[in-house]
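Q: Quick one: the structure is below, and I'll ask about it shortly.
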Amino acid sequence: MTRLVAHSSTSLSGCVSVPGDKSISHRALIFGALAVGETRVEGLLEGEDVRATARVLSQLGAEVRRNVDGVWQVFGVGIGGLHEPADLLDFGNSGTAARLLLGVLAGHPLTAFATGDASLRRRPMGRIVEPLKGMGASFVARSGGRLPLAITGASAPAPQTYRLPVASAQVKSAVLLAGLAAPGDTTALEPEPTRDHSERMLRAFGADVRVEAAEDGRAVTVTGQPELMGTAVTVPGDPSSAAFPLVAGLICAGSDLTLPNVGVNPLRTGLFETLTEMGADLVLENRRELAGEPVADLRVRSSALTGIEVPPARAPAMIDEYPVLAVAAACAEGTSVFRGLGELRVKESDRLTAVARGLAACGVAVEETEDSLTVHGRGPGRVAGGAEIKADLDHRIAMAFLVLGLAGQAPVAIDDARTIETSFPAFADLMRGLGADIRAGEMAGETA
């Protein structure tokens, strides 16, 4: 186990690039494998989650390799061209890899056996299994569709129109990916707009994708059996990863940071909007487009934040950022209320409970319900800290509480920081380069 301890820090400064967007990195590899010819990917996130996707695609017959210059190449096999794997498919900690690739496998007439680490095996896959059954795939799985499971893809995939019971980009993408192998149109009806990286990238590879307003939401439709063509993809910086140094810059006095080339897809910028409403000195500079995705350079300075109430409709645009947003709220003046957070209970851990428990251990008053969190901010420099937080195989919980430790009156320790490698390799080194005092060390305080 790798223990890290964050100590009070001030005047974080510098210009640093955050890792490539995790969602886009997964999709670049997957769509490249389903395309004909070569796909070249620059800026790919080389964390454990994305490497799991690369590994599984190789087992399925696509050639995936990293060049010495850091560019990844994928030599695709075309829609329906993947092979039956000879061994178990291990998705590690990656829910995105598991859910999207189950969608791909549902459209191939093969049988595969899938598993993951202890965290992923706890996460429900039933929301993926049900729509894929409707397209002709069959499953043998544990209760709730949990891994490990066996999938046999459809020999003749059937197009369908599927209404998502919850707003989920992963479920939407799994349905669309299965629909690529089916004749005609497959439509995912989503109650709230979710991140649209799949739609944008599928168009770049040559698919016909339409997005239209629908009753109680919107309809995303893909026309099946296209010939996707390999293309060049440049991955922007991940806004979910940028959230950690960004919030650290806001809550550590005297800080001034620049984070270049960060993705600012409007369906991913809920955190930026919320922090601005809280009084953050946050500016999006040099807005432009990179490989079909909007990007900008983020300039952030330490700020006096105030608590706010965040509308539940904003949750899909910032669902992964709530742990570090709660840290910002803890350092703000006044009370913040976050609603519509039920989805946090089925992430790498029960993030809602993990955040509430961790904040309480650091001296912050919180109230937790089934889908909401209320944080009573302590104000700048008044969070006690002095706690030991269990990461529970959740990278975002680990990073969020290391950020809190930078603004705490006493250090905050993470019991096992290895999980951070899934999405943000060298996180601690990057933060130290900005002036953050993060050290390998002993546990501190009481267990959260």
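Offset between the sequence shown (1-based) and the working numbering: plus 121. For every residue, glycine included, the Cβ atom is placed at its ideal position computed from N, Cα and C.
1) Could you spell out the range, first to last residue, of the beta strand (DSSP E) harbouring Gln-291?
2) Taking only runs of the alpha helix (DSSP H) that begin and end inside the region 435 to 465, which ones reach a length of at least 4 residues, in chain order?
3) Of the residues Arg-187, Phe-522, Asp-492 and Glu-469, which one's Cα is nearest the Cα of Arg-243?
4) Where are the beta strand (DSSP E) runs, 3 residues long or more, that stay fully inside the region 465 to 492, in chain order?
5) Let's test the definition: count the other Cβ atoms within 10 Å of the Cβ of Pro-286 and tell me whether it reaches 16, buried, or not, exposed.
6) Give the single residue among Gly-484, Thr-495 and Cys-452 whose Cα lies nearest to the Cα of Leu-473.
7) First and last residue of the beta strand (DSSP E) that includes Thr-540?
8) Mind checking which residues open and close the alpha helix (DSSP H) that includes Ile-151?
9) Between the region 313 to 328 and the region 168 to 186, do three or more beta carbon pairs fall short of 8 angstroms?
10) Should Asn-214 be labelled buried (16 or more other beta-carbon atoms within 10 Å of its own) or exposed?
11) Checking 7 angstroms against the spacing of the C-beta atoms, do Leu-419 and Val-383 come in under that value?
12) With a cut-off of 8 angstroms on the beta carbons, I'd call His-128 and Asp-558 a contact; round off their distance for me.
13) Helix, strand or coil, according to DSSP, for Ser-215 in the structure here?
14) Go ahead and label Asp-337 buried or exposed: buried means 16 or more other beta carbons lie within 10 angstroms of its beta carbon, across all protein chains shown.
15) Tell me which residues share the same chain as Ile-440 and place their Cβ nearer than 6 angstroms to its Cβ, disregarding the 5 neighbours each side in the sequence.
16) In chain order, what residues of the same chain lie with their CB nearer than 6 angstroms to the CB of Pro-269, ignoring the 5 residues before and after it?
17) Within 7 angstroms of any Cβ in chain D, is that where the Cβ of Gly-168 sits?
18) Residues in the same chain with beta-carbon distance under 6 angstroms from Met-564, minus the five sequence neighbours each way, listed in chain order, please.
19) Report yes or no: do the region 251 to 270 and the region 280 to 294 share at least 3 C-beta pairs separated by less than 8 angstroms?
20) Can you give me the start and stop residues for the alpha helix (DSSP H) that Gly-514 sits inside?
21) Does the beta-carbon distance from Leu-166 to Gly-141 come in below 7 angstroms?
22) What are the residues that DSSP puts in a beta bridge with Ser-134?
23) Compare the beta carbon distance of Gln-194 and Arg-186 with 7 angstroms and say whether it is the shorter of the two.
24) Tell me, please, which residues DSSP counts as bridged to Leu-494.
25) Between Val-137, Leu-349, Thr-308 and Ala-271, which lies nearest to Pro-200 when the distance is taken from Cα to Cα?
26) Gly-247 to Ser-376, Cα distance in whole Å?
27) Could you tell me the alpha carbon to alpha carbon distance between Lys-511 and Val-126, rounded to whole angstroms?
28) Among Ala-475, Val-458 and Cys-483, whose alpha-carbon lies nearest the alpha-carbon of Gly-506?
29) What are the boundary residues of the beta strand (DSSP E) that includes Val-189?
30) In three-state DSSP terms, what is Ser-259?
31) In three-state DSSP terms, what is Ile-272?
32) Which same chain residues end up closer than 7 angstroms to Arg-331 when comparing Cβ atoms and leaving out the 5 residues on each side of it in sequence?
33) Quick check on the DSSP output: the beta strand (DSSP E) that includes Asp-402 runs from which residue to which?
34) Tell me which residues share the same chain as Arg-422 and place their Cβ nearer than 6 angstroms to its Cβ, disregarding the 5 neighbours each side in the sequence.
35) Expressed to the nearest angstrom, what Euclidean distance is found between the alpha-carbon atoms of Ala-561 and Thr-131?
36) Between the beta-carbon of Val-192 and the beta-carbon of Glu-163, is there less than 7 angstroms?
A: If we stick to the structure as given:
1) First-last for Gln-291: 290 to 300, but that is the alpha helix (DSSP H), not the beta strand (DSSP E).
2) Those alpha helix (DSSP H) runs which fall completely within the region 435 to 465 and span 4+ residues are 443 to 451.
3) Comparing alpha carbon positions, the residue from Arg-187, Phe-522, Asp-492 and Glu-469 closest to Arg-243 is Glu-469.
4) List check, beta strand (DSSP E) in window: 486 to 489.
5) Around the beta carbon of Pro-286, fewer than 16 other beta carbons sit within 10 angstroms, so the residue counts as exposed.
6) Ranking the options by Cα distance to Leu-473, first place goes to Thr-495.
7) Where Thr-540 is concerned, there is no enclosing beta strand (DSSP E), because DSSP gives it neither an H nor an E.
8) From DSSP, the alpha helix (DSSP H) with Ile-151 extends over 143 to 155.
9) By the Cβ test, the region 313 to 328 is not in contact with the region 168 to 186, since fewer than three Cβ pairs between them sit closer than 8 angstroms.
10) By the neighbour-count criterion, in which 16 or more other beta carbons inside 10 Å mark a residue as buried, Asn-214 falls on the buried side.
11) Closer than 7 angstroms, so yes.
12) Going by Cβ atoms, the distance from His-128 to Asp-558 rounds to 4 angstroms, so yes, they are a contact pair.
13) The answer is coil: DSSP assigns Ser-215 none of H, G, I, E or B.
14) By the neighbour-count rule (16 or more Cβ atoms within 10 Å), Asp-337 is not buried but exposed.
15) In chain order, Glu-464 place their CB closer than 6 angstroms to the CB of Ile-440, counting only its own chain and leaving out the 5 sequence neighbours on each side.
16) Here the set comprises Thr-236.
17) Of the protein chains in this structure there is only one, and it is not chain D.
18) Any reading at Met-564 must be qualified, since the residue scores a pLDDT of 45, below 50, and its modelled position is unreliable; no value is offered.
19) With the cut-off at 8 angstroms, the region 251 to 270 and the region 280 to 294 touch.
20) A quick correction: the sequence has Leu, not Gly, at residue 514. The continuous stretches of alpha helix (DSSP H) do not include Leu-514, and DSSP gives it neither H nor E.
21) Yes, these two residues count as a Cβ contact at 7 angstroms.
22) Paired residue(s): Asp-377.
23) Cβ distance < 7 angstroms, so Gln-194 and Arg-186 count as in contact.
24) Per DSSP, the beta-bridge partners of Leu-494 are Phe-459 and Glu-489.
25) Per the sequence presented here, residue 200 reads as Ile, with Pro not at that position. Nearest C-alpha to Ile-200: Leu-349.
26) Between Gly-247 and Ser-376, the C-alpha separation is close to 45 angstroms.
27) Straight-line Cα distance between these residues: approximately 12 angstroms.
28) Here the closest residue by C-alpha is Cys-483.
29) Premise fails: Val-189 is in no beta strand (DSSP E) and is neither H nor E.
30) It is a strand residue.
31) Assigned with DSSP and collapsed to three states, Ile-272 falls in strand.
32) Taking C-beta separations shorter than 7 angstroms and ignoring five residues to either side along the sequence, the partners of Arg-331 in its chain run Thr-342, following chain order.
33) Residues 402 to 411.
34) Only Asp-377 and Asp-402 meet the Cβ criterion.
35) If you take the alpha carbons of Ala-561 and Thr-131, they lie about 19 angstroms apart.
36) At a Cβ-Cβ threshold of 7 angstroms, Val-192 and Glu-163 count as neighbours.
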